[in-house]
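**Q** Provided herewith is a single structure, encoded as structure tokens, for subsequent inquiry.
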Amino acid sequence: MENLFVNLEASLNRFLTATLPGSLPNLAMALASVVVILLFVLTNVVWLVYMERKVAAYMQDRLGPNRVGPRGLLQTVADVLKLLGKEDIVPVAADKWVFKIAAVTVLIPTIMLFAVIPFGNNLISIDLNIGVFYFVAISSTATISFLMAGWASNNKYSLLGGMRVVAQMIAYEIPLVFSLLGVVMLAGSLKMSDIVAAQKDVWFIVLQPVAFLIYFIAGTAELNRGPFDLPEAEQELIAGPFTEYSGFRYAMFFLAEYGNMVAISALAVTLFLGGPSGPWLPSWMWFVIKVYVMIFLFMWLKWTLPRIRLDHMMQFNWKFLLPLSLANILLTGIAIKLF
Amino acid sequence: MEKAMEREVFRADSPRTETITMNMGPQHPSTHGVYRAVLTMDGEEITHIENHVGYLHRGIEKLAETRTFTQFMPYTDRLDYLGAMLNNLGYAQTMEKLMGVEVPERAEYIRIIMAELQRIASHLIFVASYAIDLSSTTGWMYCMRDRERILDLFDMVCGSRLTTNYMRIGGVAEDVPPGFLPELQRLINDLPACFDEYDGLISGNEILQKRSIGVAPMSAETAIAYGVTGPNLRASGVAFDLRKAAPYGIYDRFDFEIPTCANGDTYDRYYIRILEMRQSVRILQQAVDSFPEGPVMAKVPKVIRPPKGDVYHQIEGTKGILGFYVVSDGTSKPYRLHIHSPSFVNLGVFPEIARGGNIQDAVATLASIDIVLGEVDR
Amino acid sequence: MLQQYAGIGVFFLVAAIFPIIAIGAAWLVRPKKPSRVKLDTYECGLETQGPTWVQFKVGYFLYALVFLIFDIETVFLYPWAVQFQVLPLFAFVEMFIFIGILAVGLWYAWKEGALEWK
Numbered sequence: 001m002e003n004l005f006v007n008l009e010a011s012l013n014r015f016l017t018a019t020l021p022g023s024l025p026n027l028a029m030a031l032a033s034v035v036v037i038l039l040f041v042l043t044n045v046v047w048l049v050y051m052e053r054k055v056a057a058y059m060q061d062r063l064g065p066n067r068v069g070p071r072g073l074l075q076t077v078a079d080v081l082k083l084l085g086k087e088d089i090v091p092v093a094a095d096k097w098v099f100k101i102a103a104v105t106v107l108i109p110t111i112m113l114f115a116v117i118p119f120g121n122n123l124i125s126i127d128l129n130i131g132v133f134y135f136v137a138i139s140s141t142a143t144i145s146f147l148m149a150g151w152a153s154n155n156k157y158s159l160l161g162g163m164r165v166v167a168q169m170i171a172y173e174i175p176l177v178f179s180l181l182g183v184v185m186l187a188g189s190l191k192m193s194d195i196v197a198a199q200k201d202v203w204f205i206v207l208q209p210v211a212f213l214i215y216f217i218a219g220t221a222e223l224n225r226g227p228f229d230l231p232e233a234e235q236e237l238i239a240g241p242f243t244e245y246s247g248f249r250y251a252m253f254f255l256a257e258y259g260n261m262v263a264i265s266a267l268a269v270t271l272f273l274g275g276p277s278g279p280w281l282p283s284w285m286w287f288v289i290k291v292y293v294m295i296f297l298f299m300w301l302k303w304t305l306p307r308i309r310l311d312h313m314m315q316f317n318w319k320f321l322l323p324l325s326l327a328n329i330l331l332t333g334i335a336i337k338l339f
Numbered sequence: 001m002e003k004a005m006e007r008e009v010f011r012a013d014s015p016r017t018e019t020i021t022m023n024m025g026p027q028h029p030s031t032h033g034v035y036r037a038v039l040t041m042d043g044e045e046i047t048h049i050e051n052h053v054g055y056l057h058r059g060i061e062k063l064a065e066t067r068t069f070t071q072f073m074p075y076t077d078r079l080d081y082l083g084a085m086l087n088n089l090g091y092a093q094t095m096e097k098l099m100g101v102e103v104p105e106r107a108e109y110i111r112i113i114m115a116e117l118q119r120i121a122s123h124l125i126f127v128a129s130y131a132i133d134l135s136s137t138t139g140w141m142y143c144m145r146d147r148e149r150i151l152d153l154f155d156m157v158c159g160s161r162l163t164t165n166y167m168r169i170g171g172v173a174e175d176v177p178p179g180f181l182p183e184l185q186r187l188i189n190d191l192p193a194c195f196d197e198y199d200g201l202i203s204g205n206e207i208l209q210k211r212s213i214g215v216a217p218m219s220a221e222t223a224i225a226y227g228v229t230g231p232n233l234r235a236s237g238v239a240f241d242l243r244k245a246a247p248y249g250i251y252d253r254f255d256f257e258i259p260t261c262a263n264g265d266t267y268d269r270y271y272i273r274i275l276e277m278r279q280s281v282r283i284l285q286q287a288v289d290s291f292p293e294g295p296v297m298a299k300v301p302k303v304i305r306p307p308k309g310d311v312y313h314q315i316e317g318t319k320g321i322l323g324f325y326v327v328s329d330g331t332s333k334p335y336r337l338h339i340h341s342p343s344f345v346n347l348g349v350f351p352e353i354a355r356g357g358n359i360q361d362a363v364a365t366l367a368s369i370d371i372v373l374g375e376v377d378r
Numbered sequence: 001m002l003q004q005y006a007g008i009g010v011f012f013l014v015a016a017i018f019p020i021i022a023i024g025a026a027w028l029v030r031p032k033k034p035s036r037v038k039l040d041t042y043e044c045g046l047e048t049q050g051p052t053w054v055q056f057k058v059g060y061f062l063y064a065l066v067f068l069i070f071d072i073e074t075v076f077l078y079p080w081a082v083q084f085q086v087l088p089l090f091a092f093v094e095m096f097i098f099i100g101i102l103a104v105g106l107w108y109a110w111k112e113g114a115l116e117w118k
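Chains as they are written, first to last, in this note's numbering: chain A, 1 to 339; chain B, 1 to 378; chain C, 1 to 118.
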């Protein structure tokens, strides 16, 4: 069980090396892994939408979807089919090309993030030596698509939503990045596999509890999830940047959002929760379990708290999280030098 | 000096940026109906608000002139559709005042019970929608869960949950069914615990408090100048409640307090409702304890032809003073009927207090004023 | 080393092609009946008033400037953090002087009210 996927990968690699010349086997391996990751993300999103609705329902003393399929399990499938049959509306007033491209580009960073995530022992598609940095760099580009969507829609709610996305995501980018620095200092490497290996004895959440909290809060803001769901605040801005989107273009934003949630949770697991390691069960199973614990935390937060206000959100970041994350680096540095 | 001016150019209030005009409503998730506000915004800050109403105008006052006095009762349900019982009560008492009808004791008690239950139900909707306008969807669901039990009680007495049409000129349509009182007692016992739960989930939430305390404050002077009544006025510190100031029905027999808050901000306007619900529970308990036997309907002719003349009567509705003005020309139909609706008056103060805040504050402020468009537009 | 980045390129390509395929598939099955009203801008059921693409409030851009400073700082901090354990104490002190300067900058921005959202 433990080496199920590793063996599959190895045999595929052997087959490809035997049949393809030069550096092509490596590219073909990358292609295979991205397809697998794509499927992983898609199935997870389909499940997560259902899970989110069920979690919300049980927190609110109701049942949630329970009509389509056994226990409502096929609800999301039905929703996807519905979206597939929806008319695609591009408003006349919109900037057509930017509007259309935004729905495509929004998914690119989401998929690319998974390239450096270790899904299990030796189960990492591309173990970059700058893994953490790569993750941070790619994840921040997601902002662009949201701004493109918000601006191109030529809709006031979208515009305000787009502006909020930028203000929020760039603001929380900084504490997020700083919180990872503490881990990097402890591990002495940006390589994901090294960081996982460094946590063999003790998880970094124990050594860096403050960094984990900062990461969790900033991650919630990066995901635009409650209480930081200002960009798509339905009470004020209808759906923020996605107001004018319909059909499958809308589905792409939806997909990216839940995909990002998996990615941010996966990074938290890798950097703070010991990665895919754990007793008894195979490592990839531990990885999924830990990711889902993180995702449940995100959901719990969203369905308990009201939405924060824009100026409070900004103040909390610049006046609290940022100084705190700087202090965390300082303390980590001193502690490492002392012990 | 020069340096200061140079810096001024880069300040957020620089005159070189432009404002946008945006519609909030009529089809907007947070306007609770088809209210429309035209916002002029500089970024997220609201510089000007304009009220637009009338999207739900059905001409109820004009319709009344072609209906008999008895036939008009169901129309009152559709005014403030979250407070149907109180609308019924207001209209029935107006007509009784005009005709000089004495209502039986038991009917009076039933009316008090229904009115206070309706007040709680309406305030629960307020708390729920305030929570959801601040995106606390779970808070919404919890309030809805408890409101459901009140609606079930309405269902028991009159067969419908929202548009009750329960009260009649001279009493109530029917006596309460056998299982009603025990069920009501159970509800009364459970409600205080529910309010405590809201205190934990909604009132005590730090984000919610930060978003509402000090937001859109309304001074007592402003409130009185705009004619604001009901919980919104009491939140500004004015202890004015018609149930105490000019008791109608049998309210003078009950022991309850008029809660007030000091600041009149969004949080006070929210929290006053929780306090009022606790008082309503007190009234309910007293009404149940001294519930008399007897008929529930006075002797009233089948076709009501009130004497010539006009009458104005007002009660403390869920949102403020609810008044009915009826002019009778001696026939079976009113010559003119006017409704003083609290939501309409309270809405007038919205642009005044929400100006200068951002759009998120405006949503919270509108929710805290508690309007029902059925009543605003009539 | 470079092959790894070629792999990233493959990720990029597939990530870009997938939405195009998905939207293309939807294009095949979805109804196409545009009308003038349908293609209108949504604004609560009314026609929009005034332009949307205006000279927008500068408050957002002030934040962008502050962001830029700190984002560049992170670029310097990452290599330092990686080598932290092997670097001599001097590098440690040096970097904290650097962070200290930035903290002073943050304090200045704070004092000047650049962090107040207006």
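Beta carbons: idealized from backbone N, C-alpha and C, even for Gly.
Just to confirm the assignment, what range does the beta strand (DSSP E) spanning residue 243 of chain B have?
**A** That residue, residue 243 of chain B, is in no beta strand (DSSP E); its alpha helix (DSSP H) goes 242-245.
**Q** Would you kindly check if the distance between the Cβ of residue 211 of chain A and the Cβ of residue 117 of chain A is under 8 Å?
**A** no
**Q** For chain B, check one thing: does any of its Cβ atoms lie closer than 8 Å to the Cβ of residue 194 of chain A?
**A** For residue 194 of chain A, the nearest beta carbon of chain B is not closer than 8 Å to its own beta carbon.
**Q** Could you check if residue 58 of chain B is buried or exposed, using at least 16 other CB atoms within 10 Å of its CB as the buried criterion?
**A** Residue 58 of chain B is exposed by the Cβ-count criterion.
**Q** Does the distance from the CB of residue 64 of chain B to the CB of residue 75 of chain B come in under 8 Å?
**A** yes
**Q** Based on Cα-Cα distance, which residue from A:107, A:7, A:58 lies nearest to residue 141 of chain B?
**A** Measuring from the Cα of residue 141 of chain B, the nearest candidate turns out to be A:58.
**Q** Applying the criterion that 16 or more other CB atoms from any shown protein chain within 10 Å of the CB defines a buried residue, is residue 151 of chain A buried or exposed?
**A** buried
**Q** Just to confirm, is the Cβ distance from residue 91 of chain B to residue 368 of chain B under 8 Å?
**A** No, they are not a contact pair.
**Q** Between the alpha carbons of residue 340 of chain B and residue 333 of chain B, how many angstroms are there, rounded?
**A** 19 Å
**Q** What is the C-beta distance between residue 86 of chain A and residue 30 of chain C, in whole angstroms, given that I count them as a contact (C-beta under 8 Å)?
**A** The pair is a contact, with the Cβ atoms about 6 Å apart (cut-off 8 Å).
**Q** Taking the alpha carbon of residue 311 of chain A as the reference point, which residue from A:42, A:5, A:168 has its own alpha carbon closest?
**A** A:168
**Q** Can you grab the Cα-Cα spacing for the pair residue 291 of chain A / residue 119 of chain A, in whole Å?
**A** 10 Å
**Q** Is it right to say residue 421 of chain A is buried, meaning 16 or more other beta carbons lie within 10 angstroms of its own, or is it exposed?
**A** For residue 421 of chain A there is no data in the structure shown, the boundaries of chain A being 1 and 339.
**Q** Can a CB atom of chain B be found closer than 8 Å to the CB of residue 57 of chain C?
**A** At least one C-beta of chain B is nearer than 8 Å to the C-beta of residue 57 of chain C.
**Q** Pick out whichever of B:263, B:315, B:69, B:112 has its Cα sitting closest to the Cα of residue 241 of chain B.
**A** B:315
**Q** Got a sec: which bits of the segment 243-264 of chain A sit with their beta carbon under 8 Å from any beta carbon on chain C, in order along the chain?
**A** 243, 244, 247, 248, 249, 251, 252
**Q** Within a Cβ cutoff of 6 Å, which residues of the same chain sit near residue 262 of chain A, ignoring the five residues on either side of it in sequence?
**A** 44
**Q** Any contact between the segment 180-195 of chain B and the segment 137-154 of chain B? By contact I mean 3 or more CB pairs, one from each, below 8 Å.
**A** yes
**Q** Going by Cα to Cα distance, which pick from A:307, A:329, A:275 is closest to residue 138 of chain B?
**A** The shortest C-alpha separation from residue 138 of chain B is found at A:307.
**Q** Which chain C residues are close to residue 42 of chain B, counting only those with a beta carbon under 8 Å from its beta carbon?
**A** 57
**Q** Do you know how far the Cα of residue 247 of chain B is from the Cα of residue 375 of chain B?
**A** 23 Å
**Q** Using three-state DSSP, classify residue 351 of chain A as helix, strand or coil.
**A** Residue 351 of chain A lies beyond the residue range present for chain A, which begins at 1 and ends at 339; the question has no answer from this structure.
**Q** Going by alpha carbons, who is nearest to residue 173 of chain A out of A:16, A:140, A:82, A:195?
**A** A:140
**Q** Which one of A:79, A:318, A:186, A:112 has the shortest CA to CA distance from residue 66 of chain C?
**A** A:318
**Q** Does chain A have any CB closer than 8 Å to the CB of residue 360 of chain B?
**A** yes
**Q** For chain C, check one thing: does any of its Cβ atoms lie closer than 8 Å to the Cβ of residue 13 of chain A?
**A** no
**Q** Measuring only the C-alpha atoms, how far is residue 39 of chain B from residue 50 of chain C?
**A** 12 Å
**Q** Applying a beta-carbon distance threshold of less than 7 Å, which residues of chain A neighbour residue 31 of chain C?
**A** 87
**Q** Relative to the alpha-carbon of residue 124 of chain B, which residue among B:176, B:145, B:105 has its alpha-carbon at the smallest distance?
**A** For the options B:176, B:145, B:105, the alpha carbon positioned closest to that of residue 124 of chain B is the one of B:145.
**Q** Run the CB neighbour count on residue 296 of chain B, radius 10 Å, all protein chains shown included, and call it buried at 16 or more, exposed below.
**A** buried
**Q** With DSSP as the reference, identify every bridge partner of residue 358 of chain B, one or two as the case may be.
**A** Among the bridge pairs identified by DSSP, residue 358 of chain B is matched with B:45.
**Q** Sort B:99, B:71, B:61 by Cα distance to residue 309 of chain B and report the nearest one.
**A** That would be B:99, whose Cα lies nearest to the Cα of residue 309 of chain B.
**Q** In chain order, which beta strand (DSSP E) runs of at least 3 residues are fully inside the segment 14-64 of chain C?
**A** none
**Q** Name, please, each residue of chain A whose Cβ falls closer than 7 Å to the Cβ of residue 38 of chain C.
**A** Going along chain A in sequence order, the residues near residue 38 of chain C (Cβ under 7 Å) are 89.
**Q** Using a Cβ cut-off of 8 Å, pull out every chain B residue sitting near residue 340 of chain A, in sequence order please.
**A** No statement about residue 340 of chain A is possible, as the shown extent of chain A runs from 1 to 339 and does not include it.
**Q** Since residue 215 of chain B contacts residue 364 of chain B with CB under 8 Å, what's their CB separation in whole angstroms?
**A** 6 Å
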